[in-house]
Amino acid sequence: MDRSYIAAQARPRKRSRSSAIMVATSYVFDWIIILAMLAVSFYVGNRPPNRRYFFLEDPNISFPYTEKETVPSWLLMLCNSVIPVFVVLVVALVFVPGNTVPKGTPKSLVWKRKLWELHVGWLGLALSLASAWVITNGMKNLFGKPRPDLLARCNPDIENFSKYVVGGEDVASGFQRLVSAAICRGMADREDAQSILEDGFRSYPSGHSSSAAAGLIYLSLFIASKFAITFPFLPPAPEGKSHTHFSAFPSRVPRTAARLDQRLNAPEDDPDTVRLMSQHNAELASARRQAAAPPLYLLIFAAAPFFTAIFIASSRWFNFRHHGFDILFGFIIGTVCAFFAFRWYHLPISQGAGWAWGPRCSDKAFWAGVGSFSYAMDWERFDDEPSTDDQAAMEEGAVGRNRSTASTGSGGTHLVDGEAASRRRAH
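My numbering puts the first residue of the sequence shown at 56, with every later residue one more than the last.
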């Protein structure tokens, strides 16, 4: 494309006051939806759950009731919400936008970027937690699965056992027959015996596991994104890349000059010549120099929240609050919510250089419809087709730019236009 056209398309367009209000309102609406999810989660979590039938001789629900949990609810909230909020705040205000800001950039523009990254970081965290909570609390009440310590909470009325039998009379005898939750009298020495009993039927899935994973794995992803902590990877291989790309010393391997000489007498804008020059430079770029492993100490910062989430989930096992599958499934729910929320508002870690997605455009703040491929590009810019003259200029300048790109490819020793010219004179 013509450079002036590209610049016109890439240049940020100033928003009118009404457009800015429209975009801001759309993100306020995002927060409203998240708050609504939290309200639904709180409401469902305080409703009586279904109560699955059980039998009194089941060893899986015969564990003692742990009075002091390793990770109580207040500590869970500190780990999965308060600490991530604080870390996102510090990272956004201290480390954003990094060292790529050109000199002379207005401070107001820098602070706008900081505040945007902060807002989106918090928004993604809130979405992750709210999604995990509403899913987990809904499933808890629907399944009504007994906890491992249910019988300790139940204090069953054994003397009137036969009154509460609901199944198994024909195939079992004694306490091996299924009974309903009506047999439970609750813990006699507790004023909150009823709520403790109801909570005894909320084993599946684990709320501690899901919310810990949702908040802390999201934090791990956020830290990895901002500090470029990712596996080294090779970019897509260009057309024509040979085995020399993976050799120990590509610059010392016999080059493709012989093949290139066959095209040196062709016009400078000959596409085959440009392609061979580009291929020559690509072969000189060693694969091993395309990426490198990040410093290992950075991995500690990204992994610490993840392992904290694992510890919180594990505590529910040795506190006899959940069965093993309940913990695993809850952790999966939180992990999925964390990845979903992070990618909803942030670029991929390995490709996005640590940035969040930009704001929506004003005319797609609430709706894009069929035929739109991006919420960031407004319809006015999408309709700005280049004119016929512009297209001709673009095609005319394409070969020259390709030749320039070929002469300045990455890695190794490059075959520049001067070398090509000297070869022509030699011929």
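Cβ atoms here follow ideal geometry from the backbone N, Cα and C, with glycine treated the same way.
Between residue 410 and residue 182 the beta-carbon gap is near 18 Å, outside 8 Å, which marks them as no contact.
In this model, residue 151 and residue 169 are separated by some 6 Å (Cα to Cα). For the pair residue 184 and residue 394, the Cα-to-Cα distance works out to about 11 Å.
Secondary structure within the stretch 358 to 402: the alpha helix (DSSP H) runs of 4 or more consecutive residues, fully enclosed, are 379 to 400 (chain order). Spanning the alpha carbons of residue 171 and residue 77 requires a straight line of approximately 16 Å. When DSSP states are grouped into helix, strand and coil, residue 277 belongs to the helix group. The stretch 108 to 166 contains, as complete alpha helix (DSSP H) runs of 4+ residues, the segments 128 to 132, 138 to 149 (chain order). Taking all protein chains shown into account, residue 218 has fewer than 16 neighbouring C-beta atoms within 10 Å of its C-beta and is therefore exposed. Just measuring C-alpha positions, the residue of 277, 404, 206 sitting nearest residue 113 is 206.
With contact defined as three or more Cβ pairs closer than 8 Å, the stretch 102 to 111 and the stretch 134 to 147 are not in contact. Close CB contacts of residue 405 within its chain, under the 8 Å cut and outside five residues either way in sequence, are with 285, 286, 288 (chain order).
In its chain, beyond the 5 residues on either side, 208, 210, 248, 251 have a beta carbon closer than 7 Å to the beta carbon of residue 242. Runs of beta strand (DSSP E) with 3 or more residues, each lying fully within the stretch 161 to 226, are found at 220 to 222, listed in chain order. The beta carbons of residue 93 and residue 396 sit no closer together than 9 Å. Inter-residue distance for residue 388 and residue 261 is about 9 Å (C-alpha atoms, whole angstroms). Residues of the same chain with a CB within less than 6 Å of the CB of residue 117, apart from the 5 flanking positions on each side, are 206 in chain order.
The straight-line gap separating the alpha-carbon atoms of residue 130 and residue 423 is approximately 42 Å. For residue 80, the uninterrupted alpha helix (DSSP H) run begins and ends at 72 to 100, by DSSP. Of the residues 220, 357, 237, 240, the one whose Cα lies closest to the Cα of residue 231 is 220.
Sequence-distant Cβ neighbours of residue 103 in its own chain, meaning closer than 7 Å and more than five residues away, are 253.
For residue 254, the enclosing alpha helix (DSSP H) begins and ends at 248 to 254. Partner residues in the beta bridge of residue 234, as assigned by DSSP, are 109, 220. Using a C-beta cut-off of 8 Å, the stretch 258 to 276 makes contact with the stretch 370 to 388, since at least three inter-stretch Cβ pairs fall below that distance. For residue 411, the secondary structure class from DSSP, reduced to helix, strand or coil, is strand.
9 Å or more divides the Cβ of residue 128 from the Cβ of residue 188. Per the coordinates, the alpha-carbon of residue 362 lies some 25 Å from the alpha-carbon of residue 195. Distance from the CA of residue 99 to the CA of residue 80, rounded to the nearest whole angstrom, comes to 28 Å. Straight-line measurement puts the Cα of residue 278 at about 18 Å from the Cα of residue 155. Take residue 275, set aside five residues on each side of it, and the residues of its chain with a beta-carbon closer than 6 Å to its own are 357, 360, 361, in chain order. If you compare the alpha carbons of 402, 375, 379, 412 with that of residue 122, the shortest gap goes to 375.
If you draw a straight line from the Cα of residue 177 to the Cα of residue 141, it is about 10 Å long.
Here residue 378 is near residue 200, since their CB atoms are less than 9 Å apart. The closest CA to that of residue 203, considering only 414, 245, 382, is found on 382. If you draw a straight line from the Cα of residue 256 to the Cα of residue 105, it comes to about 7 Å.
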